[in-house]
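1 is the number of the first residue of the sequence shown in UniProt numbering; add one for each residue after it. Even glycine gets a Cβ: it sits at the ideal position worked out from N, Cα and C. Everything below concerns the one structure shown next.
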Amino acid sequence: MSKRGRGGSSGAKFRISLGLPVGAVINCADNTGAKNLYIISVKGIKGRLNRLPAAGVGDMVMATVKKGKPELRKKVHPAVVIRQRKSYRRKDGVFLYFEDNAGVIVNNKGEMKGSWRYRKGWLDSGLFPHLRARTEIPQQEKLGRGRQVPPPFRISS
Numbered sequence: 001m002s003k004r005g006r007g008g009s010s011g012a013k014f015r016i017s018l019g020l021p022v023g024a025v026i027n028c029a030d031n032t033g034a035k036n037l038y039i040i041s042v043k044g045i046k047g048r049l050n051r052l053p054a055a056g057v058g059d060m061v062m063a064t065v066k067k068g069k070p071e072l073r074k075k076v077h078p079a080v081v082i083r084q085r086k087s088y089r090r091k092d093g094v095f096l097y098f099e100d101n102a103g104v105i106v107n108n109k110g111e112m113k114g115s116w117r118y119r120k121g122w123l124d125s126g127l128f129p130h131l132r133a134r135t136e137i138p139q140q141e142k143l144g145r146g147r148q149v150p151p152p153f154r155i156s157s
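Now the structure itself:
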């Protein structure tokens, strides 16, 4: 029996625009010591011929650390994407996008390796609720040089 078009309540995740293909370099938004993450694969993507697997907000990816602590580099780590520049539509009709692409390093169960997440990133998918609780919105003095934390951009339809 075909699995296409069955729909229903198979999961809590709805369709998010996939803006991060394999090979994308994203910022690491936690305090593990990694600065950049290089996406090498996306979990749960079956694929089609000649199409690059891509990830969106809330997707688990396998990534390597390009800049950061030497003990984290040259190893493959699971990570979760928490922000993307590509706009995606929420269920209420609002389009959201962020000023950068970012993710956090997690373990195989989806629990964060670091102790807090830097800046806000909305995980609308609901797949990783324990990531929401460990967010720190930095004050101006933590960012330095007078930079402020920007809110997410919204495009109302």
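- Any non-hydrogen atom of the ligand ZN closer than 7 Å to W116 Cβ: Although the ligand ZN was asked about, the structure shown includes no ligands whatsoever.
*Using CA coordinates, which residue listed in V80, G68 and L52 is at the minimum distance from N108?*
Selected option, being the one with the closest Cα: V80.
Margin query: Taking the alpha-carbon of F98 as reference, which of I105, V106 and R89 has the nearest alpha-carbon?
Written below: R89
Confirm, please, whether the CB-CB distance from A34 to V42 is below 8 Å.
-> No, the Cβ-Cβ distance between V42 and A34 is not below 8 Å.
Query raised in the report: Going straight from the alpha carbon of K74 to that of V25, what length do you get?
Result: Distance between the alpha carbons of K74 and V25: 15 Å.
Notebook entry, point to check: Can you list the alpha helix (DSSP H) stretches of 4 or more residues lying completely in the stretch 3-82, in chain order?
Noted result: Those alpha helix (DSSP H) runs which fall completely within the stretch 3-82 and span 4+ residues do not exist here.
* Asked: In the structure shown, what three-state DSSP assignment does F98 receive?
  -> Coil.
Straight-line gap, L37 to S115 (C-alpha atoms, nearest Å): If you take the alpha carbons of L37 and S115, they lie about 18 Å apart.
| message | Please classify R83 as buried or exposed, where buried requires at least 16 other C-beta atoms within 10 Å of its C-beta. | response | The residue in question, R83, is buried, as its Cβ has 16 or more Cβ neighbours within 10 Å.
| Do I39 and V22 have their C-beta atoms within less than 8 Å of each other? | yes
message = Tell me which residues share the same chain as R85 and place their Cβ nearer than 8 Å to its Cβ, disregarding the 5 neighbours each side in the sequence.
response = G19, Y97, F98, E99, D100 and N101
In angstroms, rounded to a whole number, what distance separates the CA positions of K29 and M112?
Sequence check: residue 29 is Ala here, not Lys. Each residue's Cα considered, the two are about 11 Å apart.
Notebook entry, point to check: Is the Cβ-Cβ distance between I105 and V57 less than 8 Å?
Noted result: no
On the premise that V61 lies in contact with G103, defined as a C-beta separation below 8 Å, what is that separation, rounded to the nearest angstrom? 7 Å
* Asked: Between S87 and the rest of its own chain, which residues show a CB-CB distance below 7 Å, the 5 nearest in sequence each way excluded?
  -> S17, F95, L96, Y97 and I155
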